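K.L.:
Next up is a structure, given as structure tokens.
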Amino acid sequence: MARRKSSGPGEINAGSMADIAFLLLIFFLVTTTMDTDAGILRQLPPPIPPDAPEPPKVKDRDVYVVLVNRNDQLLVEGELMEIGELKEGTKTFLTNPNGLETLPQKKLVTRAEVTEMIANFKSYLASEPDNQAYQKSLNNWEDKLVTINLIGEYMELPGSAVISLRNDTETSYDMYIQVQNELTRAINELRDELSLDKFGKKYDDLDKSIPEEKEMILAIREVYPQRISEAEPNVTQTE
Numbered sequence: 000m001a002r003r004k005s006s007g008p009g010e011i012n013a014g015s016m017a018d019i020a021f022l023l024l025i026f027f028l029v030t031t032t033m034d035t036d037a038g039i040l041r042q043l044p045p046p047i048p049p050d051a052p053e054p055p056k057v058k059d060r061d062v063y064v065v066l067v068n069r070n071d072q073l074l075v076e077g078e079l080m081e082i083g084e085l086k087e088g089t090k091t092f093l094t095n096p097n098g099l100e101t102l103p104q105k106k107l108v109t110r111a112e113v114t115e116m117i118a119n120f121k122s123y124l125a126s127e128p129d130n131q132a133y134q135k136s137l138n139n140w141e142d143k144l145v146t147i148n149l150i151g152e153y154m155e156l157p158g159s160a161v162i163s164l165r166n167d168t169e170t171s172y173d174m175y176i177q178v179q180n181e182l183t184r185a186i187n188e189l190r191d192e193l194s195l196d197k198f199g200k201k202y203d204d205l206d207k208s209i210p211e212e213k214e215m216i217l218a219i220r221e222v223y224p225q226r227i228s229e230a231e232p233n234v235t236q237t238e
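Here is the structure:
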């Protein structure tokens, strides 16, 4: 009897492997989330026109000077400060609870003053309807009236009150972010406190897609605006 030839193992059909690999690739592309770099949200001011008048001088009491040097040391108003103290220092600057002459002089915004100014600017616009400066001022006073309607008469920071942040070119990125976080946290805490007191909700929980809550957000921002000015970093001189 002829010996039967032993056959080797059967070949695997790999014709569909490419399709399977392609489907797996699509699956991972669809389900995987890509990490993105998170930046710091800041709205830059509009460019100053060349024919703009010279801005008024700012009082020293209206500027909260925050410096970070090349050694990551924090200097606030010319004195060394720990990063953990920056939030409370910023809140004190923005509220001036004791009426100190070294901090911004806040002014009471009354309904009588606001309604009078709105009537004045409406009268001005009646004679000069295309005057953009009058229209902008009218809008500002109307925003103040909305704020009073929602939270009552309030103490307003002067328009020149600002937090001035400056760092060195050799300041570490980590320290820069810590300072930014503390400044923002101070403003957000003040906004949360006011929102909880007047509306029973935290500021961050207000929904701007709801018209009523959008007005609440604008009112809180009117009382506690976020004014952080970042100057050009100091260039470290190396020998």
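Each residue of the sequence shown is one higher than the one before, counting from 0 in numbering that gives the first Met the number 0. Each residue gets a CB set at the ideal place from its N, CA and C atoms; glycine is no exception. Model, not experiment: these values are computed from the prediction.
Counting only the same chain and skipping the five closest in sequence on each side, list residues whose C-beta sits under 7 Å from that of A218.
P.N.:
V145, T146, L149 and I150
K.L.:
Nearest to E169 by alpha carbon, out of K56, D71 and E181?
P.N.:
Nearest in C-alpha terms to E169, of all of K56, D71 and E181, is D71.
K.L.:
Drop a sphere of 10 angstroms on the beta-carbon of S194, count the other beta-carbons inside from all chains shown, and report buried for 16 or more, exposed for fewer.
P.N.:
buried
K.L.:
Considering only the alpha carbon of each residue, which of S15, V64 and V29 lies closest to S228?
P.N.:
V64
K.L.:
Am I right that V178 and L73 are in contact with their C-beta atoms under 8 Å? What's the rounded C-beta distance?
P.N.:
At roughly 7 Å, the Cβ-Cβ gap stays under 8 Å, so V178 and L73 are in contact.
K.L.:
Please state the DSSP three-state secondary structure of L144.
P.N.:
helix
K.L.:
Does the segment 100 to 109 come close enough to the segment 183 to 202 to have 3 or more Cβ pairs within less than 8 Å?
P.N.:
Two segments are said to touch when three or more pairs of C-beta atoms, one from each, lie closer than 8 Å; by this definition the segment 100 to 109 does not touch the segment 183 to 202.
K.L.:
Could you name the residues that DSSP lists as bridge partners for K207?
P.N.:
None, per the DSSP bridge assignment.
K.L.:
Measure how close the beta-carbons of D142 and E221 come, nearest whole angstrom, since I'm counting them as under 8 Å.
P.N.:
6 Å
K.L.:
Could you check which residue in D167, N139, R165 and L164 has the C-alpha nearest to that of E155?
P.N.:
N139
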